[in-house]
Every structure is written in C-alpha cells, then in structure tokens.
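Its first residue numbered 79, the sequence shown is counted upward by one per residue in the working numbering.
Each residue gets a CB set at the ideal place from its N, CA and C atoms; glycine is no exception.
Below is one structure; the comments refer to it alone.
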Amino acid sequence: MYARLLIILFAALMPFLSTSASKGLRKYPGGKYYIWRYTLKDKQGSPYSIGHPGRWLSHKSIERRRRQGLAIDSTDLPVNPRYIRLIERKLDEMSRSKKRNSIEWKVIGTSRWNNTVLVRANDSTMLHRLDSLECIARSQQVWTSPDSIPQMVKHPYHQTFNAWDSIKGELYGCGKEQVEMVVGQRLHNIGYKGKGITIAVLDGGFQNTDVIPAFQHANIVGTRDFVYPNSPYFFQETDHGTKVLSAMAVNEPEVLVGTAPEANYWLLRCEDQQTEQPVEEDYWAMAAEFADSIGADIISSSLGYNEYDGYRGYYHQRNLDGHTALISHTASLLAHKGIILVNSAGNSGMGPWKKIVFPSDAQDILTVGALNTEKKNAPFSGVGPTQDGRVKPDVMALGSPTALISGRGTVVRDMGTSFSTPIVAGLVACLWQAMPQKTALEIIDLVRQAGNSFQQPDNIYGYGLPNFWRAYMIGRL
Numbered sequence: 079m080y081a082r083l084l085i086i087l088f089a090a091l092m093p094f095l096s097t098s099a100s101k102g103l104r105k106y107p108g109g110k111y112y113i114w115r116y117t118l119k120d121k122q123g124s125p126y127s128i129g130h131p132g133r134w135l136s137h138k139s140i141e142r143r144r145r146q147g148l149a150i151d152s153t154d155l156p157v158n159p160r161y162i163r164l165i166e167r168k169l170d171e172m173s174r175s176k177k178r179n180s181i182e183w184k185v186i187g188t189s190r191w192n193n194t195v196l197v198r199a200n201d202s203t204m205l206h207r208l209d210s211l212e213c214i215a216r217s218q219q220v221w222t223s224p225d226s227i228p229q230m231v232k233h234p235y236h237q238t239f240n241a242w243d244s245i246k247g248e249l250y251g252c253g254k255e256q257v258e259m260v261v262g263q264r265l266h267n268i269g270y271k272g273k274g275i276t277i278a279v280l281d282g283g284f285q286n287t288d289v290i291p292a293f294q295h296a297n298i299v300g301t302r303d304f305v306y307p308n309s310p311y312f313f314q315e316t317d318h319g320t321k322v323l324s325a326m327a328v329n330e331p332e333v334l335v336g337t338a339p340e341a342n343y344w345l346l347r348c349e350d351q352q353t354e355q356p357v358e359e360d361y362w363a364m365a366a367e368f369a370d371s372i373g374a375d376i377i378s379s380s381l382g383y384n385e386y387d388g389y390r391g392y393y394h395q396r397n398l399d400g401h402t403a404l405i406s407h408t409a410s411l412l413a414h415k416g417i418i419l420v421n422s423a424g425n426s427g428m429g430p431w432k433k434i435v436f437p438s439d440a441q442d443i444l445t446v447g448a449l450n451t452e453k454k455n456a457p458f459s460g461v462g463p464t465q466d467g468r469v470k471p472d473v474m475a476l477g478s479p480t481a482l483i484s485g486r487g488t489v490v491r492d493m494g495t496s497f498s499t500p501i502v503a504g505l506v507a508c509l510w511q512a513m514p515q516k517t518a519l520e521i522i523d524l525v526r527q528a529g530n531s532f533q534q535p536d537n538i539y540g541y542g543l544p545n546f547w548r549a550y551m552i553g554r555l
C-alpha cells in the first residue's frame with residue numbers, strides 16, 4: 079500500500095515514524111466487486127468539439143493554454159457519451175438476462191486523455207463480456223475488492239503548538255533548513271510567495287486539514303475525491319497529504335512557513351488506502367484531468383507505483399519509458415496542457431526495485447529525490463535513469479528529514495521523497511508567479527538549469543540541488 083511505496087523506510091526507523099492507527103479490520107461491505115478499465119477505439123461522433131472547449135474546461139484552464147500557445151486537441155475531448163450509453167445498455171441487458179436482482183454495476187469514471195471508461199460490478203463474467211462491443215479496443219481488470227479493510231478511527235488534533243516547536247526570531251521556524259537549502263527565502267523576500275498560482279495536491283488523504291489551526295489561513299479553494307466509493311470521511315483519511323500540504327501552504331512564523339504560503343490549493347484524493355491495485359492509476363489520471371479542467375497551474379504529487387497486490391510482475395524496469403504505464407502516459411501530457419507536474423521519485427532505493435517509480439519516469443515533469451541534512455542523497459531515494467536514457471531524478475531537496483505538520487496538528491520530522499517534493503513544488507509556484515510569461519516547459523528547464531549539477535547530471539542526484547534565486551536570475555536574462 080501507500081506506506082510500502084512512498085514511505086518505505088527501513089525497519090530500524092519505523093518506530094520513529096508517525097503513522098495512522100487503525101482499530102482492527104472489518105469485512106469489506108457488499109461482498110465481492112471488480113473494476114475493469116475499457117479503452118475505447120475512438121471519439122468519432124462525439125457531441126463535443128475542440129472549437130467549444132468551454133463546455134468542459136473552465137475559463138482559467140483555457141486561458142492557461144492560450145497564454146502558453148497551446149492548442150486544444152482531440153485528447154482533450156471528453157469520452158464519447160454515446161459509447162458510455164452503449165456500455166450501460168449492454169450491462170443492463172446482461173444483468174436482466176441473468177434474472178437476478180443481486181447483480182450490481184456502475185460506470186464510475188472516465189479519462190479524456192486516455193479515452194478510457196471504468197466499470198464496477200459484482201459479476202466478473204459480465205465485465206469480461208463487454209469486450210464484444212465494437213467501440214471497445216481492449217479491456218483489463220484493474221481492481222478486486224479485498225476481503226477486509228481497516229476500521230476508521232477518528233484522530234484528535236492539537237489546537238496549539240508545543241512550546242518547543244517554536245524557534246523565536248526565526249521566521250521559517252523548523253522549516254528554515256529546507257527552504258534555505260534551495261534558496262527559496264530570496265524569492266519570498268521580494269514578494270513571490272505563490273500568489274495567484276493554483277496548486278493541485280494529489281494524495282491519499284488530508285487528515286484534519288479542515289480543523290487544524292495551522293491550515294486555517296491556507297488558501298484551500300476546493301476538494302474532490304476520485305477513489306470509488308468516495309470516502310464519507312474525507313478529512314479523516316491518512317495524514318500523508320496533510321504533511322505534504324504543510325510543506326507548501328502553512329504560514330506560522332517561528333513555527334513553520336511553507337514554500338508557497340500564498341498559493342491557492344485544491345486537495346484531490348486519488349490514492350486508495352485499503353489496497354494497492356492498478357485502478358489507482360486511473361484515479362490519478364482522473365484527478366490530473368480535473369486539475370486541468372479547473373485551471374490548476376501545478377500538480378504536486380507524492381504518489382508512485384511499481385507493484386500491486388495480486389498482480390505479480392505487473393511492471394518491469396523496462397517499462398520506465400514515460401509512456402507504458404497509464405499514469406506515466408497521463409503525466410507526460412501535462413506540460414503540453416500548460417501544467418507543471420512535480421512528482422516524488424519514490425522510496426525504493428533500498429529495496430530490490432531501487433529505481434524511480436511510475437509516474438516519475440514521465441517526460442517533461444520535475445521528478446524530485448531526497449537529500450539528508452548534509453546534502454547527500456538519502457539511501458531510500460529512487461534513482462534513474464529512465465529506460466530511454468533520460469536523467470532522473472530531475473532535482474533534489476531535503477527529505478531526510480523534512481519539518482511538517484501532522485494530522486494531529488503538531489510539528490513532526492518525517493522522511494521520504496514525498497516530502498522533498500512539495501518543497502520544490504511550492505517554489506516552482508513562486509518562480510512562475512515572478513515570471514508569468516514563461517511556459518510550463520520553460521519553467522521546468524529553468525529549475526533544471528539552476529541545479530548545482532546541471533553541467534554534469536547523474537542518475538542519483540539528477541541536475542542536483544536547485545537554487546531558486548539562480549533560476550529567477552537566469553529567467554530574467
């Protein structure tokens with residue numbers, strides 16, 4: 079699950095990590111279910127037109143593309159609703175032919191960019207037989223319900239910080255080192271703190287961010303859950319996203335100040351904590367497309383995958399080409415829609431996989447590895463290159479450890495590329511605020527150029543530790 083992929087830390091450190099407690103297990107509700115992904119053959123006959131994108135994209139999304147000279151193309155068109163109706167009609171016919179009231183099915187999601195449809199049902203035979211429809215190019219089972227899931231536990235939170243969490247006279251408080259290591263304070267000093275930039279945070283949960291006082295002044299403009307079924311307790315899921323968000327959005331002088339305290343934030347849940355299965359790539363794609371549609375400028379994603387429950391050998395390192403995995407294919411499109419993806423390299427460096435995970439192999443994104451306080455790579459940080467020889471990770475930031483706010487509202491220090499990533503994402507927002515005329519690809523290039531290993535990149539540090547003040551100065555030339 080999540081901990082296995084992104085907070086994979088060796089056993090000796092486990093007692094020091096903050097984790098979400100669960101009170102036993104409960105049977106998965108409703109019995110056995112399955113989810114299949116159907117890739118459609120085309121978008122012919124669609125009622126949508128690239129000449130009228132305002133039907134499904136916000137003005138902010140369209141304007142972001144116009145500003146960067148990016149055209150709306152066929153990948154942007156929604157899935158043809160006629161094909162969805164054909165799928166629903168076929169499912170209805172099959173369920174009626176079985177003459178059983180216990181058959182349940184539902185279309186639970188679509189992806190514009192991948193031209194796919196997700197269907198959930200409690201009869202796998204029906205799902206398999208949908209292949210006979212002319213509109214379907216291929217199909218794949220991507221989820222099976224687990225036998226049991228953890229009990230939900232409500233976690234309390236602190237209204238105030240501990241006395242030892244404050245560093246008197248130090249603006250950034252416990253976050254001083256992580257901000258200054260990438261020279262982010264110099265952008266802040268001249269007024270660039272992310273104002274006007276929208277960051278979509280893709281994660282598994284944002285525990286207590288609706289009530290923790292440290293987030294009350296954060297510009298959280300919306301939330302959305304893409305995991306099916308949606309959680310009835312959106313703000314009681316894992317606090318992994320809470321920690322990620324805190325590295326950017328918190329503005330508590332002398333305690334913790336994030337790297338983009340004036341940016342706007344959408345909190346998008348797309349990681350299923352109950353299992354680890356391929357459908358999470360679909361949820362991620364749906365979240366990324368939603369971020370595009372509402373006009374997000376940056377996606378900060380501390381999610382990554384390379385193995386799944388019950389899908390042994392699903393991926394191999396040869397698949398790290400930026401296109402084979404659905405999630406990586408989706409990620410590789412983002413910069414060409416005008417969005418910068420900042421994604422964690424993954425924490426597989428000490429395991430048998432060792433390399434970056436999907437979608438950190440994507441093209442035209444910023445993949446972030448983790449450094450320790452001595453500016454050496456953290457041993458758990460995933461390494462490159464990609465299968466097609468691109469340098470990965472792109473840049474590094476402090477991730478061993480990072481100062482954060484936990485779901486209990488306290489300052490903690492946690493480790494992982496999950497937490498070096500938002501440090502970079504927040505300062506990308508500040509840099510783009512300073513240079514709004516730049517395109518996503520140009521900002522990505524500036525950040526790489528500002529790395530201390532830009533002239534001699536490698537596959538451990540990538541282009542190195544970025545100096546965001548230097549990126550700003552290069553960009554002004």
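Suppose you measure from the CA of residue i to the CA of residue j; what does that come to, to the nearest Å?
| i | j | result |
| --- | --- | --- |
| Leu265 | Trp431 | 37 Å |
| Pro224 | Gln355 | 10 Å |
| Gly373 | Arg174 | 42 Å |
| Lys119 | Cys213 | 6 Å |
| Gly147 | Glu258 | 34 Å |
| Ile140 | Ser217 | 32 Å |
| Gly253 | Glu171 | 59 Å |
| Gly485 | Arg526 | 33 Å |
| Asn200 | His318 | 31 Å |
| Ser438 | Val195 | 24 Å |
| Val506 | Ile521 | 8 Å |
| Ile165 | Thr402 | 26 Å |
| Pro463 | Leu524 | 20 Å |
| Leu419 | Tyr386 | 23 Å |
| Ala511 | Gly274 | A small correction: the amino acid at residue 511 is Gln; Ala does not occupy that position in the sequence shown. So the alpha carbons of these two residues sit roughly 7 Å apart. |
| Ile162 | Pro535 | 47 Å |
| Pro159 | Ala338 | 39 Å |
| Gln441 | Gly400 | 6 Å |
| Ile227 | Gln533 | 49 Å |
| Asn297 | Glu340 | 7 Å |
| Ile472 | Ile538 | What sits at residue 472 in the sequence shown is Asp, not Ile. Cα to Cα, the separation comes out at about 9 Å. |
| Leu346 | Tyr393 | 26 Å |
| Gly477 | Lys184 | 41 Å |
| Leu155 | Ile377 | 21 Å |
| Val328 | Val446 | 21 Å |
Measuring CA to CA, which of the options is closest to residue i?
| i | options | result |
| --- | --- | --- |
| Lys470 | Ala528, Ile483, Asn545, Val435 | Val435 |
| Lys433 | Ser422, Leu449, Gln122, Val461 | Val461 |
| Thr238 | Met551, Ser459, Ala292 | Ala292 |
| Cys508 | Trp221, Ile113, Thr464, Val261 | Val261 |
| Arg190 | Leu411, Asn240, Thr337 | Leu411 |
| Thr287 | His233, Thr337, Phe304 | His233 |
| Ser202 | Ile128, Lys138, Gly109 | Gly109 |
| Tyr235 | Pro228, Ile275, Val289, Phe284 | Val289 |
| Tyr250 | Ser380, Pro107, Leu334, Ser152 | Leu334 |
| Ile277 | Gly542, Ile552, Val502, Asn530 | Val502 |
| Lys321 | Pro457, Lys516, Phe497, Trp134 | Phe497 |
Is it buried or exposed for residue i, if we count other Cβ within 10 angstroms and need 16 for buried?
| i | result |
| --- | --- |
| Ala99 | With a pLDDT of 42 at Ala99, under the threshold of 50, the predicted position of this residue should be treated as unreliable, though the coordinate-derived value follows. Its Cβ having fewer than 16 others within 10 Å, Ala99 is exposed. |
| Ala215 | exposed |
| Asn545 | buried |
| Lys271 | buried |
| His407 | buried |
| Gly382 | buried |
| Asn308 | exposed |
| Gly247 | exposed |
| Gln229 | exposed |
| Gly132 | exposed |
| Leu555 | exposed |
| Ala149 | exposed |
| Leu91 | With a pLDDT of 41 at Leu91, under the threshold of 50, the predicted position of this residue should be treated as unreliable, and no value is reported. |
| Glu452 | exposed |
| Leu205 | buried |
Per DSSP, residue i is paired with what?
| i | result |
| --- | --- |
| Gly485 | Partner(s): none; Gly485 has no beta bridge. |
| Pro281 | In the sequence as displayed, the identity of residue 281 is Asp instead of Pro. Answer by DSSP bridge pairing, in chain order: Arg347. |
| Lys433 | Val461 |
| Pro535 | Partner(s): none; Pro535 has no beta bridge. |
| Ser378 | Val279, Val420 |
| Met474 | Gly447 |
| Thr517 | Answer is none; Thr517 lacks a bridge partner. |
For residue i, verify whether its CB is less than 7 Å away from any heavy atom of the ligand FAD.
| i | result |
| --- | --- |
| Ala503 | Within the structure as shown, the ligand FAD is missing, as the structure has no ligands at all. |
* Considering only residues of the segment 174-246, which uninterrupted beta strand (DSSP E) runs meet the minimum length of 3 residues and lie entirely inside it, listed in chain order? -> 183-189, 194-199, 214-222, 226-228
* To do: Could you pull out every unbroken beta strand (DSSP E) segment of at least 3 residues lying fully inside the segment 240-325, listed in chain order?
  => 276-281, 297-303
* Asked: What residue ranges within the segment 376-410 form continuous beta strand (DSSP E) runs of no fewer than 3 residues, ordered along the chain?
  -> Runs of the beta strand (DSSP E) inside the segment 376-410: 376-379.
* In chain order, each beta strand (DSSP E) run of at least 3 residues that lies wholly inside the segment 102-160 -> 103-105, 112-118
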